[in-house]
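Peer 1: This is the structure I have questions about; it appears just below.
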Amino acid sequence: MSALALLLLWPMFLVIAVSIAVTSRGPVFFVQQRVGLNGQTFKFFKFRSMYQDAEARRAEVETLSDRNGICLKVKRDPRITPIGRLLRRSSMDELPQVLNVLLGDMSLVGPRPALVSEVAEYPDHAHRRHAVLPGITGLWQVSGRADIGFDEMIALDLDYVRRMSVPTDLVILLRTVSAVLSGRGAY
């Protein structure tokens with residue numbers, strides 16, 4: 005399914021890649037270590053939506069987080085490029101994760117893979133979210149994304165781990181369409 009998606013999406017990938025390349029310096033893709041199944045790390049792919057020096061500038065925006073808890077989310081993050089704002093709002097920056105699905109590091113549905121530095125701060129119970137493959141979309145994403153605090157995100161992820169099934173995944177995939185179209189919590 006992910007190989008078919010890559011075949012169908014390659015024209016969109018090309019347009020997005022060119023848009024990123026002509027509007028800011030740096031690579032088109034953002035590759036980062038994330039934590040997945042059983043706490044193993046893997047290379048996570050996204051279209052780059054921030055300026056090239058964004059990781060070096062992380063400390064300057066940490067106090068601006070619009071979200072409670074461990075995970076940093078800044079609505080008006082100055083590190084995001086103009087094309088990046090559009091990509092994030094439409095969730096198109098996430099499209100390269102279809103490659104992560106093809107490689108077996110991710111699934112279409114599951115808890116979002118977290119940064120290694122964030123996972124290091126997790127309370128013990130939160131690590132149960134790593135009992136399943138992380139997903140491109142999940143219960144947290146369709147429930148409000150970045151508008152939801154860390155504790156509620158973990159509760160939603162653990163609820164998903166307990167109830168994981170094909171019917172649950174299908175419902176989440178259907179709800180993803182309206183979540184992406186509304187843009188709620190996407191920043």
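With positions in the sequence shown counted from 1, the corresponding number in this note's numbering is that position plus 4. Ideal placement from N, C-alpha and C gives every residue a C-beta, glycine not left out. Just so you know, these numbers come straight off a predicted model, no measurement behind them.
Grab me the residues of residue 163's own chain with a C-beta within less than 7 Å of its C-beta, minus the 5 sequence neighbours each way, in chain order.
Peer 2: Cβ within range, chain order: 143.
Peer 1: Could you name each continuous alpha helix (DSSP H) segment of 4 residues or more that falls completely within the segment 42-110, going from the start of the chain to the end?
Peer 2: DSSP runs (the alpha helix (DSSP H)) wholly in the segment 42-110: 62-65, 86-94, 101-107.
Peer 1: Would you identify the three-state DSSP class for residue 29, choosing helix, strand or coil?
Peer 2: DSSP places residue 29 in coil when its eight states are reduced to three.
Peer 1: Using a Cβ distance threshold of 8 Å, determine whether the segment 36-49 contacts the segment 102-119, with at least three qualifying pairs required.
Peer 2: In short, these stretches touch, since the Cβ pair count reaches three.
Peer 1: How big is the Cα-Cα spacing for residue 127 and residue 65?
Peer 2: Those two C-alpha atoms are separated by around 24 Å.
Peer 1: Give me the Cα-Cα distance between residue 134 and residue 19, rounded to the nearest whole angstrom.
Peer 2: Roughly 34 Å between the two C-alpha positions.
Peer 1: What would DSSP say about residue 124, mapped onto helix, strand or coil?
Peer 2: In the structure shown, residue 124 sits in coil (DSSP, three-state: anything other than H, G, I, E or B).
Peer 1: The alpha helix (DSSP H) spanning residue 158 covers which residue range?
Peer 2: Looking at the DSSP string, the run of the alpha helix (DSSP H) that includes residue 158 is 154-167.
Peer 1: Report yes or no: do three or more beta-carbon pairs, one from the segment 108-125 and one from the segment 22-41, lie closer than 8 Å?
Peer 2: Contact holds: three or more Cβ-Cβ distances are below 8 Å.
Peer 1: Between the C-alpha atoms of residue 45 and residue 116, what's the straight-line distance to the nearest angstrom?
Peer 2: The alpha-carbon atoms of residue 45 and residue 116 are separated by roughly 13 Å.
Peer 1: Between residue 137 and residue 110, which are expected to be in contact by the criterion C-beta below 8 Å, what is the C-beta distance as a whole number of angstroms?
Peer 2: Indeed, because the Cβ distance is near 6 Å, the residues count as touching under 8 Å.
Peer 1: Please report the distance separating the alpha-carbon of residue 174 from that of residue 181.
Peer 2: Rounded to whole angstroms, residue 174 to residue 181 spans 11 Å at the Cα level.
Peer 1: If I measure Cβ to Cβ from residue 31 and keep anything under 7 Å in the same chain, skipping five residues before and after, which residues do I get?
Peer 2: Cβ neighbours of residue 31 beyond the five flanking positions: 52.
Peer 1: Report yes if the C-beta of residue 123 is less than 7 Å from at least one heavy atom of the ligand ATP; otherwise report no.
Peer 2: Looking for the ligand ATP in the displayed structure turns up nothing, as the structure carries no ligands at all.
Peer 1: Just the Cα atoms here: how many angstroms apart are residue 61 and residue 146?
Peer 2: Taking the straight line joining both Cα atoms gives about 29 Å.
Peer 1: Work out the CA separation of residue 178 and residue 161 for me, nearest whole Å.
Peer 2: Cα-Cα distance, rounded: 18 Å.
Peer 1: May I ask you to report which of helix, strand or coil DSSP gives residue 116?
Peer 2: In this structure, residue 116 counts as coil in the three-state DSSP scheme.
Peer 1: What residue from 83, 9, 165 has the CA that sits closest to residue 131's CA?
Peer 2: Nearest of 83, 9, 165 to residue 131, Cα basis: 165.
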